[in-house]
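Each residue of the sequence shown is one higher than the last, beginning at -15 in this note's numbering.
Quick notes on the structure that follows.
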Amino acid sequence: MRTRHRAVRLGAVLALVASATVTPAAFAANPIVTSYYTADPAPLVVGNTLYIYAGRDEAPAGTDNFVMREWRVLSSTDAATWTDHGARANVGTFPWAGADAWASEVEPKNGKYYWYTSVNGTGPGWMDIGVAVGDTPLGPFRDAKGGPLVSDGTPNSSGLNIDPTVFTDDDGQSYLYWGGYWGARAAKLKPNMVELDGPVTTPQGLANFWEAPWMFKRNGLYYLMYAANDTNGCVTDSNYACQRYATATNPLGPWTHRGVVLDRVSSTTNHAGVVQFNGQYYIVYHNANAPGGGNFRRSVAVDLLHFNADGTMRKVTQTTTGPPPNPAGGGGTNLAPSATASTSYVSAWESLAALNNGGTPASSADRSNLAYGNWPERGTQWVEYQWPTAKSVNRVATYWFDDDQGIDLPASCAVQYWNGSAYVDVPGQSACGVAGNAFNTTTFTAVTTTRLRLSITSKPDFSTGVLEWQAFQA
Ligand code: FUB
């Protein structure tokens, strides 16, 4: 990996290019773009939209160097289908830089969007951290500082000043993390987001850190995920890398290493980001899986990320299909909280209140917002919502409970409504999904009713359960 970056440095004399204007195009499945190469993805949720900021690999086939001159933006409203917004910044955005549009991340603050980038400055040293700013997630972006935020001249900077990740805590304090060549670094940012506030620190406890940090917070716990390339449970060939992660109770650590969350991918570099969108966690990363792909012709992929009840992350399953569409909660009003729930049966130690208490489960085993279960009943059971006045409903989203004991994911389900004299299936319903660890969305022709029912049929020898059931106004 060291050789790789050095080779890039020697070969990096790149022309500036202007942002291309690209007609938005739709993509789906993994990799999410196959018409050109994308790398170093950084996700960001703004409203109902999930953005991915990514570099573009332009290296011709057979080239053993990065050729990267621009940063691009993709967006989605369901984490499954993507729109290409083209290049929104490039090395020319920074008049003091000349090449190497490496990894970046966008952070919203002060009503603006700050795009922190790795870029090769023309001053002394090699890679720097630059920061551009724009008024919308799509820009236009302009240099926010007139020079690097971090360079080789910054006291205690990393051996390779790349891969910025910015995190803003609940108290409004923002932090910058970055680094490569085994040198992780962290610093507070001033409220203006373009100056470091205090000394650069060296995070403690990030076992085998190599590059590509990604910082986030979940349930009060801080997570720092990063690329490692050790051969002790990470990869068998140190030219490749995995994603390890550590947790802390303070944004500046000390950190406790928790394990590997993403195994090696098909490219030598491994760069990832984590985001919660519509109640579901996702990991975005890159690989070499697009046609003609390679270590310098990488492609961005998206997959589901699941947490265990103790806050640890489950290892990611890398797919070629990508996650199922997840528009749940993204648009539409969830009518469930205003409904009264009832059921054919609930176990005395479980709770019907789980259905509509607004929880966002981390996994199908996550009981932190209560769980509805009907053990030891089997066969077909139901849960139901009743409203005092009729509601028009055309979509539900169900997060199933699975305790790995007597309760398993169901064999099948159906959405029904009270038509005034009987319960009947809602018309035109899409498949009633029974996947674990995600919201299963079922759409149907709108019905106006006071009672909506979820009929659940168990697998033989198991009971069933639900962690959250959302019902959306048409
Ligand atoms: O894309 C260039 C560099 O490769 C990134 O900055 C690193 O994280 C690695 O992915």
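Glycine is no exception: its CB is placed at the ideal position from the N, C-alpha and C atoms.
TODO: Give the range of the beta strand (DSSP E) segment to which Cys397 is assigned.
DONE: For this step, residue 397 is matched to residue 413 along the sequence shown. Where Cys397 is concerned, the enclosing beta strand (DSSP E) stretches over Ser396 to Trp402.
Open item on the list: Rounding to the nearest angstrom, what Cα-Cα distance links Pro275 and Thr18 in this structure?
Closed with: If you number the sequence shown from 1, residue 275 lands on position 291. If you number the sequence shown from 1, residue 18 lands on position 34. Between Pro275 and Thr18, the C-alpha separation is close to 7 Å.
Open item on the list: Buried or exposed for Val258, going by 16 or more other Cβ atoms inside 10 Å?
Closed with: Working through the sequence shown from its first residue, we reach residue 258 at position 274. Buried is the call here.
Open item on the list: At a threshold of 6 Å, does His290 count as lining the ligand FUB (C-beta to nearest heavy atom)?
Closed with: As a first step, residue 290 is located in the sequence shown; it is residue number 306 there, counting from the start. No, since every heavy atom of the ligand FUB falls outside the 6 Å radius drawn around the Cβ of His290.
TODO: Could you name the residues of the same chain whose beta carbon sits closer than 7 Å to that of Phe193, not counting the 5 residues immediately before and after it, in chain order?
DONE: For this step, residue 193 is matched to residue 209 along the sequence shown. Only Trp166, Ala168, Tyr210 and Ala212 meet the Cβ criterion.
Task: C-alpha distance - His290 paired with Gly107, whole-angstrom precision - done: The residue you call residue 290 lines up with position 306 of the sequence shown. The residue you call residue 107 lines up with position 123 of the sequence shown. Using only the alpha carbons, I get a separation of about 43 Å.
Task: Closest by C-alpha distance to Thr427, when choosing among Gly182, Gln454, Thr233 and Thr434 - done: Taking the sequence shown and counting its residues from 1, one reaches residue 427 at position 443. The shortest C-alpha separation from Thr427 is found at Gln454.
Task: Cβ pair count under 8 Å reaching 3, the region 409 to 428 against the region 384 to 400 - done: yes
Task: Beta-carbon proximity check, Gln227 vs Leu205, cutoff 7 Å - done: Numbered from 1 along the sequence shown, position 243 holds the residue referred to as residue 227. Numbered from 1 along the sequence shown, position 221 holds the residue referred to as residue 205. In this structure, Leu205 does not lie closer than 7 Å to Gln227 by Cβ.
Open item on the list: Below 8 Å on the Cβ atoms is my contact criterion, and I expect Tyr266 with Val286 to pass it. Report the Cβ-Cβ distance as a whole number of Å.
Closed with: Here residue 266 refers to the residue found at position 282 of the sequence shown. Here residue 286 refers to the residue found at position 302 of the sequence shown. About 6 Å; that satisfies the 8 Å criterion.
Task: 3 or more residues per run - each beta strand (DSSP E) lying fully within the region 367 to 444 - done: 396 to 402, 407 to 409 and 424 to 441
TODO: Could you tell me which residues DSSP pairs with Pro27 in its beta bridges?
DONE: Looking up residue 27 in the sequence shown gives position 43. Answer is Ile36, bridged to Pro27.
- [ ] Would you mind sorting Thr5 into buried or exposed? The rule is 16 or more other CB atoms within 10 Å of its CB.
- [x] Position 21 of the sequence shown, counting from 1, holds the residue named residue 5. Caution applies to Thr5, whose pLDDT of 29 falls short of 50 and renders its modelled position unreliable; the model cannot decide the point.
Open item on the list: What residue range does the beta strand (DSSP E) around Glu452 cover?
Closed with: What you label residue 452 is simply residue 468 of the sequence shown in a count that begins at 1. First-last of the beta strand (DSSP E) with Glu452: Gly449 to Gln457.
Open item on the list: Counting beta carbon pairs with one atom in the region 107 to 118 and one in the region 57 to 66, are three or more of them shorter than 8 Å?
Closed with: no
Task: Cβ contact (3+ pairs, closer than 8 Å) linking the region 347 to 366 and the region 385 to 392 - done: yes
Open item on the list: Considering only DSSP beta bridges, list what Ser326 is partnered with.
Closed with: Residue mapping note: residue 326 aligns to position 342 of the sequence shown, counting from 1. Looking at the DSSP assignment, Ser326 forms a beta bridge with Glu368.
Task: Spatial neighbours of Thr7 in its chain, beta-carbon cut-off 6 Å, leaving aside the 5 residues before and after - done: Here residue 7 corresponds to residue number 23 of the sequence shown, with the count starting at 1. Here Thr7 scores only 35 on pLDDT, less than 50, and its place in the model is too uncertain to base an answer on.
Open item on the list: Let me make sure I understand the geometry here. Which of Ala45, Ser158 and Pro148 has the alpha-carbon closest to that of Asn462?
Closed with: Given a span of -15 to 458 for the chain in the structure shown, any question on residue 462 remains unanswerable.
Task: Whole runs of the beta strand (DSSP E) within the region 46 to 102, excluding any shorter than 3 residues - done: 54 to 60, 65 to 74, 81 to 83 and 88 to 93
- [ ] Just grab the DSSP bridge partners of His270 for me.
- [x] Numbered from 1 along the sequence shown, position 286 holds the residue referred to as residue 270. DSSP output for His270 lists Val284 as bridge partner(s).
Task: Chain-order list of residues whose beta-carbon lies under 8 Å from that of Pro394 (same chain, five-residue window excluded) - done: Along the sequence shown, one-based indexing puts residue 394 at 410. Here the set comprises Trp384, Val418, Ile440, Thr441, Ser442, Lys443 and Thr448.
Open item on the list: the ligand FUB and Asp147: does the residue's C-beta get closer than 6 Å to at least one heavy atom of that ligand?
Closed with: Within the sequence shown, numbered from 1, the residue matching residue 147 stands at position 163. Checking every heavy atom of the ligand FUB against the Cβ of Asp147, one is found closer than 6 Å.
Task: First and last residue of the uninterrupted beta strand (DSSP E) at Cys218 - done: The sequence position of residue 218 within the sequence shown is 234, counting from 1. Note, Cys218: premise wrong, no beta strand (DSSP E); not H, not E.
Task: Buried versus exposed call for Lys375 [16 or more other C-beta atoms within 10 Å across all chains shown] - done: Taking the sequence shown and counting its residues from 1, the one referred to as residue 375 is at position 391. Buried: at least 16 other Cβ atoms inside 10 Å.
Open item on the list: Taking 7 Å as the threshold (C-beta atoms), are Ala355 and Ala463 in contact?
Closed with: The question about residue 463 has no answer, for the chain in this structure spans -15 to 458.
TODO: In the DSSP assignment, find the beta strand (DSSP E) that holds Glu195 and state where it starts and stops.
DONE: Here residue 195 refers to the residue found at position 211 when the sequence shown is read from its first residue. Element bounds for Glu195: Phe193 to Arg202.
Task: Identity of the residue in Lys201, Ile146 and His270 nearest Pro132 by Cα - done: Your numbering for residue 132 matches position 148 in the sequence shown. Closest by alpha carbon: Ile146.
- [ ] Check the DSSP bridge columns for Asn318 and list the partner residues they point to.
- [x] Residue mapping note: residue 318 aligns to position 334 of the sequence shown, counting from 1. In the DSSP output, where bridge partners are listed per residue, Asn318 has Phe456.
Task: Length of the line joining the Cα atoms of Asp16 and His270 - done: Taking the first residue of the sequence shown as position 1, residue 16 is located at position 32. Taking the first residue of the sequence shown as position 1, residue 270 is located at position 286. The residue you asked about is not Asp; residue 16 is Ile in the sequence shown. In a straight line, the C-alpha of Ile16 is about 10 Å away from that of His270.
Open item on the list: With DSSP as the reference, identify every bridge partner of Ser158, one or two as the case may be.
Closed with: The residue labelled residue 158 in the question sits at position 174 within the sequence shown. Bridge partners of Ser158: Thr152 and Leu173.
- [ ] Taking only heavy atoms of the ligand FUB into account, decide whether any of them is closer than 6 Å to the Cβ of Trp198.
- [x] Counting from 1 along the sequence shown, the entry for residue 198 is found at position 214. No, the Cβ of Trp198 stays beyond 6 Å of every heavy atom of the ligand FUB.
TODO: Could you tell me the distance, in whole angstroms, from the CA atom of Asn216 to the CA atom of His255?
DONE: Taking the sequence shown and counting its residues from 1, the one referred to as residue 216 is at position 232. Taking the sequence shown and counting its residues from 1, the one referred to as residue 255 is at position 271. When rounded, the distance between both Cα atoms is 19 Å.
- [ ] Check whether the Cβ atoms of Pro307 and Ala63 lie closer than 7 Å to each other.
- [x] Here residue 307 corresponds to residue number 323 of the sequence shown, with the count starting at 1. Here residue 63 corresponds to residue number 79 of the sequence shown, with the count starting at 1. Yes, they are a contact pair.
Open item on the list: So for Ala212, helix, strand or coil by DSSP?
Closed with: Here the question's residue 212 lines up with position 228 in the sequence shown. In the structure shown, Ala212 sits in a strand (DSSP, three-state: E or B).
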